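Residue numbering for the sequence shown is 10 to 50, as defined by the numbering used here.
The beta carbon of each residue, even a glycine, is placed where N, CA and C say it ideally should be.
If you're wondering where the values come from, they're calculated on a predicted model, not measured in any experiment.
Before any comments, here is the structure.
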Amino acid sequence: MNEAIDTLYREAEERIKQEKDRIIARIRDELRLAKQRVFKS
Numbered sequence: 010m011n012e013a014i015d016t017l018y019r020e021a022e023e024r025i026k027q028e029k030d031r032i033i034a035r036i037r038d039e040l041r042l043a044k045q046r047v048f049k050s
């Protein structure tokens with residue numbers, strides 16, 4: 010029983026990490042684009 014819970018926990022942590030990485034990447038892209046727009050004008 011404990012092993013199943015541990016597995017679920019690990020999978021959840023992995024999903025959270027991937028989601029966090031995706032969000033960070035998106036924010037970086039948006040910041041980069043915003044910077045380009047500011048410097049162009």
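Inter-residue Cα distance where the pair is residue i and residue j
i	j	result
alanine 43	glutamate 23	30 Å
threonine 16	methionine 10	10 Å
beta-carbon residue i near the ligand SAH non-hydrogen atom, thresh 7 Å
i	result
leucine 40	Absence of the ligand SAH is noted for the structure shown, with no ligands found whatsoever.
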